[in-house]
Structure formats: C-alpha cells, structure tokens
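Read through the structure below, which is laid out as structure tokens, and then see the notes.
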Ligand SMILES: Nc1ncnc2c1ncn2[C@@H]1O[C@H](COP(=O)(O)OP(=O)(O)O)[C@@H](O)[C@H]1O
Ligand SMILES: [Mg+2]
C-alpha cells in the first residue's frame, strides 16, 4: 500500500489483519533500525513464529521504507543491512503460511528485492470530492451529531442544514487527507465544548474549516520547499532513464486499484455490526482497538506476543525449533 500520509493505509491494514482470520503481527519500520545487531535475531524469531501458526501469519510492516531501504545506499548501517538480508532470506519463497503487507509513503525507497516480492500494489490516493463528502459526514456524525443526541456531556448544536454544510465543506477541503478531515471533526467538538454557551454554530464550524485550510496550505508550502531543496541537492543518478529513478512503482495510475474500491468494503462491514446499545459499533475506534489489543510488536527487547486468543499455539515452546533456513512450510 502506498500513498500520501493520512490516507488510511494503517487503518486499512489493521482492519485487514483483524478480518483476515490469520494470526497477525504488526511492526513499524522505524522500530527496526534502533535494534542494531539484535535485528537479525528478531527477524528470525518473527518467521519462526509464523511457521508455528496454524492459521498462517499476516505480517504488517507499517512505514516500511524506514526498514526496507535500498541496500546499495550509504545511508543504511551494517546492522540494518544484515537485518534486511535476513528478512529477504526468509521471504524468498512463496508460502501459504505467510502474508506480507507493507505500507509506505515512499515506496521508491524500497530495495529492489522487496519490489520483486510484491504481488499487488494498492494506491491510497487523496480523497476526491465524493470521498471527502463521505469523510466529512462520517466525522461530523461521530464528533458532532452523536454527542449532540446523547452521551453524558451533551453537545449543543445550532439549527442549520447539516447536509448542505457537509457538502460545502467537502468542496472547500480539496487536497486534504482523511486524517486532516477527521481532525476537523475533533476541532468542531472542541470548539463546542470550549465555547461560553456550549453551542456549536455554523460560524464556528466555518472558522475551524478556514483554520484547517490555512494549515493545510502551510504544510503544502513546506513540502514544496523541501522537494525543491531535495531536487537541487541530489542530481539524478547516472543511467536513470524513463523511470525517473523510481524503482518498481511505474504502473499507470488507472491500472492501480483505487483506494476507494478497497475502502468501500470496510464501510459495508462497519455499517452492519450493531453494538450492545443498538448503535452502530464505531468503525475506526473499535477495529483499531481490536487491532491494538492483538498487536505483536517488535521492540528492542524482542518480539512480544499478541494478547488475543488468536496467538499461535505453543509459540514459546516450539518457536525455536522451527526451521531457521527459511524452508517454506
Ligand atoms: N479512508 C479513510 N476513511 C476513514 N478515515 C480515514 C481514512 N483515511 C484516514 N482516515 C482517518 O485518519 C486517521 C489516520 O489514517 P492512517 O490510516 O493512519 O493513515 P496513513 O497510515 O495512510 O498515514 C485514521 O485513523 C482515520 O481516522
Ligand atoms: Mg500510517
């Protein structure tokens, strides 16, 4: 999965892990480099563990570029190179026991051997107008309407055409990510609770949108400046031709599955389950909580197991006896 920050890659991968029926482990690319020489051992532990799982293991590497960088560059340390080699060694063969999901904002940083292992690439693009409208409504419901209709500290909401307002906001938030829109929802709620009479008015909503748009433009300016600076510092390497230096990800956009197709089924899943109080279970919070509960993390202390019942049986005992040679099971 690749695409700009805040487009739902982590959210989606956690849902995929929960709904896949497989055991799963989640690691963040940035956790690996600080492990130093323990990285290799940790890597073998993860794959030994995968081999003990009866249901198979889905390994999700978030912010994968931090770990799976090109070995050829000077920037990666010997330890990280060795860890990456161990990872490549253990993922070299097809296995029905193992599914690897990588998320990255910068997949062009991947080692070529990683690109070669990728079967499917999914682009998480910034939301278009229609998607933004769904996002604005989703987060307006969650942070404004729901607290206005129930809850302990009831939020007071002025009378106006909420549907029309959401459409208008969707139009104005062009270029914003799902995360930026969700934060807008939080900002509306905060504005209501911190106002003197506790009433959220149309003008307050508009003011938060104005702020968010300003901040978004500021971030875009920084990004542009950074890109310009990077361009002037690094001349294109010799031999770079039509690929523009980007390895692997040269599919035309229209051939890449669009994020919405991938995300749509989640909304369907979320639309169905009802929580005990008869309200739809919160999609984001609930699934992420599930995911977090079962999350197995690699830390500098090694692999900690997920807390869920889904942890592979007898992992502690059989883990070290699994083949270390990467033999696919
Ligand atoms: N497509 C989406 N649908 C619903 N919420 C989204 C979507 N994309 C982002 N968000 C919101 O933004 C938050 C951060 O998204 P995240 O998955 O961490 O983005 P990424 O990993 O692509 O940077 C999510 O927890 C969610 O609240
Ligand atoms: Mg992420």
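Numbering (this note's numbering), first residue to last: 53 to 381. The beta carbon of each residue, even a glycine, is placed where N, CA and C say it ideally should be.
- Taking residue 168 as reference, the option from 159, 175 and 211 with the minimal CA-CA separation is 159.
- Put simply, the backbone Cα of residue 178 is about 27 Å away from that of residue 122.
- Here residue 253 has 210 as same chain residues with Cβ atoms under 7 Å from its own Cβ, once five neighbours each way along the sequence are excluded.
- In the DSSP assignment, residue 156 forms a beta bridge with 54.
- Within a 10 Å sphere around the beta-carbon of residue 82 sit fewer than 16 other beta-carbons, which makes this residue exposed.
- Burial of residue 70 is indicated by the presence of at least 16 other C-beta atoms within 10 angstroms of its C-beta.
- Beta-bridge pairing by DSSP links residue 275 to no other residue.
- When DSSP states are grouped into helix, strand and coil, residue 175 belongs to the strand group.
- The set of residues with any CB-heavy atom separation to ligand 2 below 6 Å comprises, in chain order, 61, 62, 114 and 155.
- Look at residue 206 here: in three-state DSSP terms it is coil, with no helix or strand label.
- In the assembly as shown, residue 86 is an exposed residue. Its beta-carbon has fewer than 16 other beta-carbons within 10 Å.
- Residue 229 and residue 154 have their C-alpha atoms roughly 20 Å apart.
- The beta carbon of residue 151 sits closer than 6 Å to those of 110, all from its chain and outside the five residues before and after it, given in chain order.
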